[in-house]
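Be aware that the sequence shown starts at 1, since it is given in the numbering used here, and climbs by one per residue.
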Amino acid sequence: MSRRYYIETSSMGKQQFVKLKRSRSHHHHREHHHHRHYELDYCPDYYKVSKEEWNTLKLRERSLEEQNCALADENKALRASLAASQAETQRLEQCVIPDLQAANAALLADNDSLRRSIDNAADHASKHAGEVAKLQCKVDKLERELKESKEETCDLRSRIRNLTRQLDGSCSRRVSELLKELSYWKHETRFWKDKWEDLNRRHHEMLDTLESRTERMESYEEILRRRRIV
Numbered sequence: 001m002s003r004r005y006y007i008e009t010s011s012m013g014k015q016q017f018v019k020l021k022r023s024r025s026h027h028h029h030r031e032h033h034h035h036r037h038y039e040l041d042y043c044p045d046y047y048k049v050s051k052e053e054w055n056t057l058k059l060r061e062r063s064l065e066e067q068n069c070a071l072a073d074e075n076k077a078l079r080a081s082l083a084a085s086q087a088e089t090q091r092l093e094q095c096v097i098p099d100l101q102a103a104n105a106a107l108l109a110d111n112d113s114l115r116r117s118i119d120n121a122a123d124h125a126s127k128h129a130g131e132v133a134k135l136q137c138k139v140d141k142l143e144r145e146l147k148e149s150k151e152e153t154c155d156l157r158s159r160i161r162n163l164t165r166q167l168d169g170s171c172s173r174r175v176s177e178l179l180k181e182l183s184y185w186k187h188e189t190r191f192w193k194d195k196w197e198d199l200n201r202r203h204h205e206m207l208d209t210l211e212s213r214t215e216r217m218e219s220y221e222e223i224l225r226r227r228r229i230v
């Protein structure tokens, strides 16, 4: 025969399990108080459960505690991932985009410098039209690359805004995607930085070449004026 346990409500309002049901009736005389611990009358403060049911309750409680611990750990991990993702997003907004904007500004300055060089050499265009055409082609190429860089910068801003909005609903899934995006844009940043350095070097080389040729042509013109040819 299985043992039976009873759920008793204490004077503090807390429920506890006991082996014997104790009555809280106060309608008996003082001389019958020694029977209170063994009364089996119905009392709304008790629930009869068997030992097997009690063990089942304990197992269920243990399972719920384990599930709660697992959920708490998962919640903590998700919060940490969210914090890391938000920090990385902030770093992209504060570091990567300003670097790209600085590179764009440098390209614009180079374009302006090249255009001024072309304007200054316009008087001698008939003598070195081929060189001017080459410079113009390079300027057009630089402008196309600048336009592509601006478009990619705008696309990056849009991606960052979209990722920020989506982080709250799908943190764990988006963390992996963010890392991939970050790796891609790091590669792109290095690519554009190298490209800009190469273009800057070639730009200075072209300026040196143009300046040298301009000085040479001015020398030729001076010689021709002295000889009264022009």
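All residues carry an ideal CB built from backbone N, CA and C; glycine is no exception.
Note that the structure is predicted; figures quoted are calculated from it, not measured.
Excluding sequence positions up to five away, which residues of its chain have a Cβ less than 6 Å from the Cβ of residue i?
i      : result
Leu100 : Thr153
Ser117 : Leu210
Ser219 : none
Arg62  : none
Met206 : none
Where does residue i land, buried or exposed, given buried means 16+ other C-beta within 10 angstroms?
i      : result
Ile223 : exposed
Ala80  : exposed
Ile160 : buried
Leu59  : exposed
Leu40  : Model confidence at Leu40 stands at a pLDDT of 43, short of 50, so the residue's coordinates are unreliable and nothing is read from them.
Please report whether the beta-carbon of residue i lies at a distance below 8 Å from any beta-carbon of chain B.
i      : result
Gln101 : Looking at the structure shown, chain B is missing, and only one protein chain is on hand.
When the Cα atoms are used, what is the spatial distance from residue i to residue j?
i      : j      : result
Trp196 : Glu93  : 21 Å
Lys193 : Lys186 : 10 Å
Gln86  : Thr164 : 8 Å
Arg202 : Asn75  : 54 Å
Arg232 : Asn111 : Residue 232 cannot be examined here, being either before or after the span of the chain that is shown, 1 to 230.
Glu88  : Asn68  : 30 Å
Val49  : Glu65  : 22 Å
His204 : Asp119 : 17 Å
Val132 : Ala83  : 54 Å
Leu71  : Arg91  : 30 Å
Glu148 : Asp140 : 12 Å
Leu78  : Leu182 : 19 Å
Arg228 : Ser212 : 24 Å
Asp198 : Cys137 : 16 Å
Asp208 : Arg144 : 24 Å
Tyr184 : Ala109 : 27 Å
Asp73  : Asn162 : 28 Å
Ala129 : Arg225 : 22 Å
Phe191 : Pro98  : 16 Å
CB-CB under 8 Å to residue i, same chain, minus the five flanking residues each way: which ones, in chain order?
i      : result
Ala102 : none
Leu57  : Val49
His34  : Reliability fails at His34, whose pLDDT of 44 lies under 50, so the model's placement of it is uncertain and the value that follows must be treated cautiously. The answer is none, since no qualifying residue turns up.
Between the beta-carbon of residue i and the beta-carbon of residue j, is there less than 8 Å?
i      : j      : result
Lys150 : Asn104 : yes
Leu135 : Leu114 : yes
Leu107 : Leu142 : yes
Val96  : Thr189 : yes
Kindly list the residues whose CB is nearer than 7 Å to the CB of residue i, restricted to its own chain and excluding five residues on each side of it in sequence; keep chain order.
i      : result
Ser176 : none
Beta strand (DSSP E) runs wholly inside the region 190-216, at least 3 long, in chain order:
none
Any chance you could list the beta strand (DSSP E) runs of at least 3 consecutive residues sitting entirely within the region 102-146, in chain order?
Segments of the beta strand (DSSP E) lying fully in the region 102-146: there are none.
Please list the segments of the beta strand (DSSP E) lying wholly inside the region 47-84, counting only runs of 3 or more residues, in order along the chain.
Fully enclosed beta strand (DSSP E) runs of 3 or longer: 48-50.
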